[in-house]
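Peer 1: Numbering of the sequence shown is given in our numbering, commencing with residue 26 and proceeding in unit increments. First the structure, which I've put down as structure tokens, then a few questions once you've had a look.
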Amino acid sequence: MAMPSVPPSPRPPADDLTGSAWFSYTATGDHIAWSKPLLDMLGQPPTQNEISRKVLTRYVHRDDHAKALGAITQAWTSRVPVRTTVRLMRADGGWFDVDCRLEPVKSPDGTVRGIRGTVTDVSVRERERRELARLARRGETVQASLVDPDPATGLLTRARFVDEIDRAQRRGGGAILIIRVQPSRGDGGGGLRPELRPELGADLLHRAARVLEGVVQDGALLGRVGPSEIGLLLPGTSWPMARREAEVLVDALRSQTFVLPDSWLRASAWGGLVRFTPDAEAGSHEVLIDAEHAWRESRDDDRPLTVVAHPVPRRDRRGSYRTRVADALGTDRFTLYAQPILDLQSNAVTRHELLLRVLDESEGPQSPIQVLDTAERLDAVYDIDLWVVERAMQLAAEEPGRCLQINLSGRSVGDPRLTDEVERLIDRYDVNPAQLTFEITETALIGNLSEARRFADRVRDLGCELALDDFGSGYASFRYLRIFPIDLVKIDGEYVVDLVENPQDQVLVRALVQVCQAYGIHTVAEFVQDEPTLRLLRELGVDYVQGYLIGRPAPLPAGRLPSP
């Protein structure tokens with residue numbers, strides 16, 4: 026009687042005598058044999074010697090399944106040994122790294138009938154490799170400095186400049202000089218007239234910065250503190266030395282002929298110099314405001330420099346700034362621009378963000394950051410926000426089909442008068458509240474949490490919507506999604522501007538969108554400047570986009586919104 030055929034038992038690799046970890050798989054009978062060292066590594070009892078090929082996949086980390094199967098397939102089809110590194114799972118749920126040499130086992134006729142694998146634990150090596158890779162990624166993704174340099178001049182930004190004033194004030198005395206630089210009136214030089222080229226002021230400020238960098242004393246710091254203002258910090262400098270330095274710098278700019286890309290011209294320059302001490306009542310922002318006020322005195326009195334030996338008393342400073350805000354409102358120095366927002370579902374512009382601009386004496390509309398920063402700190406911003414809200418109501422009444430997004434400052438969000446005014450103005454102009462979305466920044470929420478919640482509840486009760494601006498730039502974004510009735514989140518533009526080329530930003534934006542979708546919140550992506558970015562944002566599920574690709578901020582002609 027013929028005996029039934031019995032599949033040959035898998036045999037260990039030749040080096041099993043050394044006690045190495047190995048496994049051997051034979052296709053006939055679908056048998057796998059394990060060495061005791063490998064079973065010990067996996068945390069399995071040594072009696073478990075044969076298991077199915079399907080069970081084996083449970084012992085390879087799920088992220089390495091494709092890699093392991095690919096290596097096995099390559100060894101089987103190519104008939105040559107293959108090496109790979111994968112992660113194996115232990116019975117306790119942990120995992121470890123192994124180098125695995127896969128060798129095809131051939132039958133006498135040359136066909137492959139199985140695979141033998143030798144396994145070496147390389148967890149220490151792989152852990153070190155992953156840590157080096159992690160540190161490299163951190164080095165690539167962490168911002169080099171807390172505040173980027175001003176892109177137009179290369180100088181410190183206003184925020185960073187204020188930080189440096191704080192540091193200098195803690196260490197001792199010193200002085201701050203603010204210089205206002207603008208083209209001399211009627212001076213067109215040898216090229217285009219200044220008023221014909223809006224970016225002339227930025228070009229002039231850039232060249233002025235280079236001039237000052239060449240003559241300032243060692244240890245001095247330069248910053249761009251306004252649209253046409255350069256700040257100079259002189260830490261530890263005596264007052265007589267600071268005055269001489271200020272006179273030299275202002276005179277250098279006044280006597281300089283500036284050669285620009287398409288013109289040459291002379292500049293008007295006025296300076297304001299303020300001394301500070303560590304024990305003074307005025308902090309860094311107050312000292313900066315005093316210096317800004319001093320250069321305006323120089324301009325108004327037609328003299329190169331105004332010096333302030335002692336910071337202005339707090340009461341006088343607040344009063345003077347309130348007067349400036351009132352004058353600006355009374356003389357129409359504030360204006361509104363509108364930027365379109367595209368609905369990605371309908372592919373139509375359905376919203377506009379209203380943006381405040383300050384009409385500069387010589388250069389036209391400018392960003393209000395400098396004015397609003399100062400106004401907030403001196404409690405003078407409420408009137409500005411109220412002015413914006415009322416004009417938004419007028420626009421909404423004129424165009425009932427448009428939705429408008431209105432930015433509010435932190436102090437106004439916490440001011441109970443504003444919610445009452447919003448309700449009154451909605452009634453006065455007979456506005457549909459659903460047209461209005463009020464944007465609140467994260468920094469506003471952080472400082473006025475309970476007041477901001479009260480404002481949010483009030484405007485939502487009226488039928489308006491609420492947006493969280495610059496989402497991802499603050500400290501508690503995700504918490505705010507739970508404690509505020511937010512309808513729309515604006516993803517900070519710094520994560521959008523390089524989205525196509527930056528995989529880390531893609532991961533972050535995808536996560537933000539998924540979180541907002543889970544909470545029933547719409548998303549808007551800012552700084553969209555090209556078609557590839559727009560396509561990627563569609564794929565990520567963003568609801569709205571805005572940026573130069575969709576439309577630049579434009580002045581409101583005769584109080585009406587620009588056509589999409």
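C-beta: ideal position from N, C-alpha, C; glycine also. The structure displayed is predicted, hence computed values, not measured ones.
For the alpha helix (DSSP H) that contains E322, what are its first and last residues?
Peer 2: S309 to D326 is the extent of the alpha helix (DSSP H) around E322.
Peer 1: Tell me the residue span of the alpha helix (DSSP H) that contains T98.
Peer 2: Counting along the chain, the alpha helix (DSSP H) containing T98 begins and ends at H90 to S103.
Peer 1: The alpha helix (DSSP H) spanning Q529 covers which residue range?
Peer 2: Judged by DSSP secondary structure, Q529 falls within the alpha helix (DSSP H) whose first and last residues are P528 to A543.
Peer 1: Contact between the region 328-338 and the region 355-373 is defined here as three or more beta-carbon pairs at a separation below 8 Å; is this criterion met?
Peer 2: no
Peer 1: If we ignore side chains and look at the alpha-carbon of each, how far apart do R115 and W59 end up?
Peer 2: 14 Å
Peer 1: Pair every Cβ in the region 274-292 with every Cβ in the region 308-319, then say whether three or more of these pairs are closer than 8 Å.
Peer 2: no
Peer 1: For the beta strand (DSSP E) that S49 lies in, which residues bound it at each end?
Peer 2: A46 to T51
Peer 1: Taking a contact to mean a Cβ-Cβ separation below 8 Å, would you say D117 touches V147 in this structure?
Peer 2: no
Peer 1: So is V187 buried or exposed if we call it buried at 16+ other beta carbons inside 10 Å?
Peer 2: buried
Peer 1: Could you give the first and the last residue of the continuous beta strand (DSSP E) run that contains T466?
Peer 2: L461 to T466
Peer 1: What does DSSP give as the partner residues of M114 in its beta bridges?
Peer 2: The bridge partners DSSP lists for M114 are W120.
Peer 1: Closer than 6 Å by C-beta to D530: which residues in its own chain qualify, once you throw out the five before and the five after it? Chain order, please.
Peer 2: Y520 and L524
Peer 1: Taking G199 as part of the beta strand (DSSP E), name the residues at either end of that continuous run.
Peer 2: Counted as a single uninterrupted DSSP element, the beta strand (DSSP E) harbouring G199 occupies residues G199 to P208.
Peer 1: Pick out whichever of R112, L384, E317 and L257 has its Cα sitting closest to the Cα of R155.
Peer 2: With distances taken between Cα atoms, R155 lies closest to R112.
Peer 1: Counting C-beta neighbours from all protein chains within 10 Å, is the total for I57 16 or more, i.e. buried, or is it exposed?
Peer 2: buried
Peer 1: Alpha carbon to alpha carbon, how far is G435 from A200? Give it in angstroms, no decimals.
Peer 2: 30 Å
Peer 1: What is the DSSP secondary structure of R427, reduced to helix, strand or coil?
Peer 2: coil
Peer 1: So who's on the other strand from D368, going by DSSP bridges?
Peer 2: A373 and Y569
Peer 1: Could you name the residues of the same chain whose beta carbon sits closer than 6 Å to that of D175, not counting the 5 residues immediately before and after it, in chain order?
Peer 2: Scanning its chain for C-beta atoms nearer than 6 Å, with the 5 sequence neighbours on each side dropped, one finds around D175 the residues T182 and R249, in chain order.
Peer 1: Looking at C-alpha atoms only, which residue of A233, R269 and W264 is the closest neighbour of G256?
Peer 2: A233
Peer 1: Please list, in chain order, all residues of the same chain as R453 whose beta carbon is under 8 Å from its beta carbon, the five residues on each side excluded.
Peer 2: So the list reads M418, once near-sequence residues are dropped.
Peer 1: Between V414 and V447, which are expected to be in contact by the criterion C-beta below 8 Å, what is the C-beta distance as a whole number of angstroms?
Peer 2: Yes, V414 and V447 are in contact; Cβ-Cβ is about 6 Å, under 8 Å.
Peer 1: From D568 to L461, what does the alpha carbon distance come to, in whole angstroms?
Peer 2: 18 Å
Peer 1: Just verifying my parser: in three-state terms, what is the DSSP assignment at A405?
Peer 2: coil
Peer 1: From C489 to A421, what distance separates their C-alpha atoms?
Peer 2: 12 Å
Peer 1: Using only the alpha-carbon positions, how far apart do W320 and L381 sit?
Peer 2: 24 Å
Peer 1: For L363, which beta-bridge partners are listed by DSSP?
Peer 2: What sits at residue 363 in the sequence shown is Ala, not Leu. Bridge partners of A363: L379 and A579.
Peer 1: Comparing alpha-carbon positions, which option in L127, P441 and V532 lies nearest R141?
Peer 2: L127
Peer 1: When you compare only the Cα positions, how much space is there between A405 and L411?
Peer 2: Cα to Cα, A405 sits roughly 11 Å from L411.
Peer 1: Looking at L491: is its Cβ nearer than 8 Å to the Cβ of F463?
Peer 2: yes
Peer 1: Under a three-way DSSP split, which group does V240 fall into?
Peer 2: helix
Peer 1: Give the secondary structure of S293 by DSSP, where H, G and I count as helix, E and B as strand, and everything else as coil.
Peer 2: strand
Peer 1: Of the choices R577, E270 and E564, whose alpha-carbon is the least far from that of F552?
Peer 2: R577
Peer 1: Short check: CB of L433 to CB of I465, under 8 Å?
Peer 2: yes
Peer 1: Using DSSP with H/G/I as helix, E/B as strand and the rest coil, what is I140?
Peer 2: strand
Peer 1: For the beta strand (DSSP E) that I255 lies in, which residues bound it at each end?
Peer 2: E254 to P260
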